[in-house]
Structures are given as C-alpha cells and as structure tokens.
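Undergrad: Submitted below is the structure of interest, expressed as structure tokens.
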Amino acid sequence: MGELFSQFNILGAFWVTIQLTFFAAIGALVIGTVVAVMRVSPVPILRGFGTSYVNVFRNTPLTVIMVFTSLGLWQTLGLVLADEQSQHFFKDNNFRLAIVALAVYHASFVCESLRSGINTVQPGQAEAARSIGLTFLQNIRYVVLPQAFRGAVTPLGNTLIALIKNTTVASVIGVAEASFVMADMLDARADVLFLIFIIFAIGFVILTLPVGLLISAVSERLAVKR
Amino acid sequence: MTDALPAAHVDPDGAASTSGRPHTGEPLVVLDHVNKHFGELHVLKDIDLTVHHGEVVVVVGPSGSGKSTLCRTINRLETFESGSISIDGKPLPDEGKDLARLRADVGMVFQSFNLFAHKTILENVTLGPIKVRGVKKAEAEQRARELLERVGVQAQADKYPAQLSGGQQQRVAIARSLAMDPKVMLFDEPTSALDPEMINEVLDVMTKLARSGMTMVVVTHEMGFARKAGDRVVFMADGQIVEENTPEEFFLHPRSDRAKDFLGKILTH
Ligand SMILES: Nc1ncnc2c1ncn2[C@@H]1O[C@H](COP(=O)(O)OP(=O)(O)OP(=O)(O)O)[C@@H](O)[C@H]1O
Ligand SMILES: [Mg+2]
C-alpha cells in the first residue's frame, strides 16, 4: 500500500481534483447566479437567454461539453487559456478548459437551485422593496438573493457534491485528476485491483462527506434562525 | 443623488393638528380615465380620482371590486392600458430608474406587512433611505429609531420580523414607508390580517399620521377609522367608482343601491 503511494502520485491527483472543484465551483456559482437573475428579470430577452442556457447545458452530457471545449473551443476555434511557449502548455490548457466545461455545466444546476431558493421568498417582500424605490438589481441584491441562498443551501450543496464527482470527466481531455491516475494504476497493477478501487472510493468519500455534513449543519442553523 | 424631500408637511409628533382638517390643498394624485384589464377582466373602469395634499381618502367596496388593484396601479406595481396617473404634477414614468424614484415618493403598506425577513427591524427601516436616497448609515439609523419610536416599537429595533406580533410588524412597515418621506401613503387593508386586539394599535398610528397632515389613500372597512380620520369615502364596485362622499354622509345616507346593499352587509355582522 505504501508502495502504491510512492509509485503513483495519488495525493497529487486528488489535489488536482480539489483544484478543479474549487475553481469550477466559483465559476459555476457566478455564472449560475447571473443566469438565475436573468431568468427572473423583467426583460424578456434576458429571460429567454437564461431559459435557453439552462435547457442547453443541463441537458447536454458533461462528457460532450468537456470534449467540445478541447476539440471545439481550443483546437478548432483557437481558444487558448495558457501560455503556448510554456513547457506545461498542454497540462495547463487542458486543466483550464476542464474548469470552463465544469463551470458552465454546473452553472445550470446552480441556477435552478437558486431559482427554487427565490421561490421560497414571499413575493410580497419583493413588492415592498419595489414600493420603497429599490431598482430591480438592488431588490435582487439586498432582498431576494440573500434569502434565496439560504433557501437553496441543500440543492446548492448537492450540486457541489455532484461537481466533485464530475471532475472525473476531465480525464477524457487528459487532465491528471484522481480517476485519470486511477486508470493508470489499474493498467500497471491489476494484481491489487480492489485495493486501488478502495483507495479512490475512500478518497472521494473524504472529499464529499464533509460537504454533506456542512450542508446539514448550515441548513439546520438557518432553519432555527428563521 | 439625494433628492431630499420636503418632509415639512409631516409633523413628526402628529400632534399639532386642528379637527376639521383643511384639504384645500393642491391636487397630489390625479387619476384620469384609468383603465386596466387582467386578461378579459376589466378591473378598473375609467377611474377618475383626485387626491389633494393632506387629504385622507378611504376606499371601500365589496371583495373583487378592484380596491387593491387601484392602490397597486397608483404605485405602478401594476401596469394599466389607458388613461393617465400623475403624482405631484408628474406623470408616472415607464419601468426603470425614474419609476423607482417615483415609487419612493409613494409609500405603500400591505395587508401582509411584507417586512424583509432576513433583516432586523432597524435594517428594514434604513434600507430604503440608504440605498435609494443615499442617506448616510448613521443618519438613517437615527431617523429610523425616531420613526420606530413614533410608531411605538423602538424596543424591538434589533429583532427580526418573525419575533414581532402582527400589529408590531405592521407598525414597522408603516415606519419603513415613512422613512422615505413619501408624498402620499397607500394602505391596502392594513388591519385585515391582524388579530382583533392588535387592530387598534395600528389604526391609532394611522390616525396620528392623518392628523399630522399626511396624504393617505386607505382601503379599509374600519368605519371608526373612516369617520375619525377620513375626509372622503370612495365606494367602488365592479371596477368603478360608484359613489363619493364625506364619511358621515356615506355611512348614514348612501345614495346608490350598490352602496346601500354593501353597507347593509358589513353593518349587520
Ligand atoms: N394578478 C391578477 N391576475 C388576474 N386577476 C386578478 C389579479 N389580481 C386581481 N385580479 C382580479 O381582479 C379583480 C379585482 O381584484 P382586487 O384584488 O383589486 O379586488 P379588491 O377590491 O382588493 O378585493 P378584496 O376586498 O378581496 O381585497 C378580482 O376579480 C381579482 O380576482
Ligand atoms: Mg384587496
């Protein structure tokens, strides 16, 4: 077992998984929030855009989006996200493309989680905010969203757990995250196949379990406060 | 940024007032042939209504007659198809920044209070002045405390809305509106979601406000309030203004059959 850890960079692979999760989560949160605001805005064009965004990205398999960022965005359209002269160009570029794919995909789920949160805010509060003269964006920022996030803790947390596991899809464009290294190890050390599976299963549980516990704790605290 | 409003027409204590309030004031809210539909339903039919500076207009009428819609249309929470509405000589602008500014001049108190649940009582009252009028936080808080004292809930300033009784919440909602120094305040059945023992504490605040010279449009079936504080009663039925009169005259000698019928119903229970 110790020999497996010295032979393969298992911890490094999980570190890549954590980094993918971290940056994609921030991206998904920002994009998802913007799209959710569009979906409840008074401007029909923005609403239409928001709805289309969710319908497209929520219904396309992540693998397809992932492959598209590499073959479509980079190789065909020439979108370059890293320094081309660098020795680590392929590694960096693929890593960043993977973050883009993960972020735009999970943003649709963030958007829908937030929308369910927005629905927990009594419409009367938004009307009261309008009646004291807040503009749409002020209303969203100071009255609706702070409450919507509280109402959306559980679905947002579930989206984060899904994101952690979905980072494994980045292996299809060669990002050396956990499942990529696992596949390497299975090739080389089929003799300890079950051990390898167990190591990676436990690794992911270590990442996701705290998130689940945190969600329960936070939603309980907010429930008491309300 | 800060268009400081003449708050002078509202006497902070609500004390200095004479009985027969003059309402010879200039027209403040003018509705001219306003029509509104909800789909097929014609909810406001050719409404003409002028509310003068300092006047208190009580709107009564059967359920579904369009009273709430009238209030919401004046505040432009609802759109309308034809006619015009002006506030202090300025026509209602379309959606956007101008409209938001105008809404700040028109206070609205809802049946269901609609306080911001995630903000403290004090924050509920200061949000508008700080974000809309650009008032400094310390200044807004001081003013908010004065207003909370005026409506009798100063002790609750740091609590959250859910910790207050309905009557207290509604008084906070009134303070929240007042903090914007509105030119006119609209009340849509402000006491009908309250337990009976809390109705008077809210009506007292409203009566004081009326005495202080605030221009008010009040949808209510509280006849005591209408008589004590109202200058005029407007009776609506089926989206039309059927009858207008002084409170005494209206309640004692209704002219139209619709009004007689309506009063017969609310007086017998
Ligand atoms: N958003 C809406 N969409 C469609 N119809 C509506 C809407 N709001 C109100 N209505 C209808 O418009 C009519 C007038 O409603 P409104 O709420 O103004 O009456 P009201 O006089 O305030 O009644 P109440 O005394 O019950 O509060 C009613 O028939 C109501 O069903
Ligand atoms: Mg109503």
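Chains as they are written, first to last, in the numbering used here: chain A, 20 to 245; chain B, 1261 to 1529.
Glycine included, C-beta positions come from ideal geometry on N, C-alpha and C.
1. In chain A, which residues lie with their C-beta within 7 Å of the C-beta of B:Lys1391?
2. Report the CB separation of A:Val163 from A:Ala145 in whole angstroms; it is logged as a contact under 8 Å.
3. Taking the Cβ atom as the reference point for each residue, do B:Met1445 and B:Met1476 lie within a distance shorter than 8 Å?
4. Counting only beta-carbon atoms, is B:Gly1490 nearer than 8 Å to chain A?
5. Around the Cβ of B:Gln1416, are there at least 16 other Cβ atoms within 10 angstroms (buried) or fewer (exposed)?
6. Taking 7 Å as the line, does the beta carbon of B:Asp1448 fall inside it for any heavy atom of ligand 2?
7. Would you say A:Ser25 faces chain B, with C-beta separation under 8 Å as the test?
8. Give me, in chain order, the residues of the same chain whose beta-carbon lies closer than 6 Å to that of A:Ile218; leave out the 5 immediate sequence neighbours on both sides.
9. Suppose you measure from the CA of A:Leu226 to the CA of A:Ile183; what does that come to, to the nearest Å?
10. Which residue comes first and which comes last in the beta strand (DSSP E) that contains B:Gly1343?
11. Any beta carbon of chain A sitting closer than 8 Å to that of B:Phe1522?
12. Does the beta-carbon distance from B:Val1311 to B:Val1320 come in below 8 Å?
13. What are the residues that DSSP puts in a beta bridge with B:Ala1497?
14. At least one CB of chain B closer than 8 Å to the CB of A:Pro165: is that the case?
15. Quick one, which of A:Arg208, A:Ala167, A:Asn185, A:Phe213 has its alpha-carbon nearest A:Leu241's?
16. Going along chain A, which residues have a C-beta under 7 Å from B:Phe1376?
17. What's the C-alpha gap between B:Gly1427 and B:Val1290?
18. Would you give the residue range spanned by the beta strand (DSSP E) that B:Met1476 belongs to?
19. Could you give the distance in angstroms between the alpha-carbon of A:Pro229 and the alpha-carbon of A:Phe33?
20. Does the stretch 1322-1337 of chain B come close enough to the stretch 1408-1424 of chain B to have 3 or more Cβ pairs within less than 8 Å?
21. Just the chain B side, please: which residues come within less than 9 Å of A:Gln141 by C-beta, in chain order?
22. Is the distance from the Cβ of A:Ala120 to the Cβ of A:Gly51 below 8 Å?
23. Is B:Asp1365 closer than 8 Å to B:Ile1347 when the C-beta atoms are compared?
24. Could you tell me whether any Cβ in chain A is nearer than 8 Å to the Cβ of B:Gly1388?
25. With a threshold of 6 Å on Cβ separation, who are the neighbours of B:Arg1281 within its own chain once the five nearest residues in sequence on each side are excluded?
26. On the three-state DSSP scale, how would you describe B:Asn1505?
27. With 16 as the cutoff for other CB atoms within 10 Å, does A:Leu156 come out buried or exposed?
28. If you drop the 5 nearest sequence neighbours on each side, which residues of the same chain put their C-beta closer than 8 Å to that of A:Ile159?
29. Give a yes or no on whether 8 Å exceeds the smallest Cβ distance from B:Arg1460 to chain A.
30. Can you pull out the residues from the stretch 1325-1338 of chain B whose beta carbon lies closer than 8 Å to at least one beta carbon of chain A?
31. In angstroms, rounded to a whole number, what distance separates the CA positions of A:Ala189 and A:Gly21?
32. On the DSSP letters alone, give me the boundaries of the beta strand (DSSP E) that B:Lys1327 sits inside.
33. Would you kindly report the start and end of the unbroken beta strand (DSSP E) that includes B:Gly1367?
34. Use the C-beta contact count for B:Ala1400: other C-beta atoms within 10 angstroms, 16 or more gives buried, fewer gives exposed.
35. Leaving aside the five residues before and after A:Leu65 along the sequence, list all residues of the same chain whose C-beta is less than 7 Å from its C-beta, in chain order.
36. In this structure, what does DSSP give as the bridge partners for B:Asn1256?
TA: Here's the rundown:
1. Leu153, Gln157, Tyr161
2. 6 Å
3. yes
4. no
5. buried
6. yes
7. no
8. none
9. 8 Å
10. 1342-1347
11. no
12. no
13. B:Gln1500
14. yes
15. A:Ala167
16. Gln144, Val162
17. 31 Å
18. 1475-1479
19. 15 Å
20. no
21. Ser1372, Asn1374, Ala1377
22. no
23. yes
24. yes
25. Residue placement at B:Arg1281 is flagged as unreliable, the pLDDT there being 46, under the threshold of 50; the coordinate-derived value follows with that caveat. There are no such residues.
26. strand
27. exposed
28. Val56, Val59
29. Here the sequence assigns Asn to residue 1460 of chain B, which means Arg is not the residue at that position. With 8 Å as the cut-off, B:Asn1460 does not count as an interface residue toward chain A.
30. Asn1335, Leu1337
31. 27 Å
32. Looking at the DSSP string, B:Lys1327 is not in any beta strand (DSSP E); the run it does join, the alpha helix (DSSP H), is 1327-1334.
33. 1366-1369
34. buried
35. Met57
36. Chain B is shown from 1261 up to 1529; residue 1256 of chain B falls before or after that span and cannot be answered.
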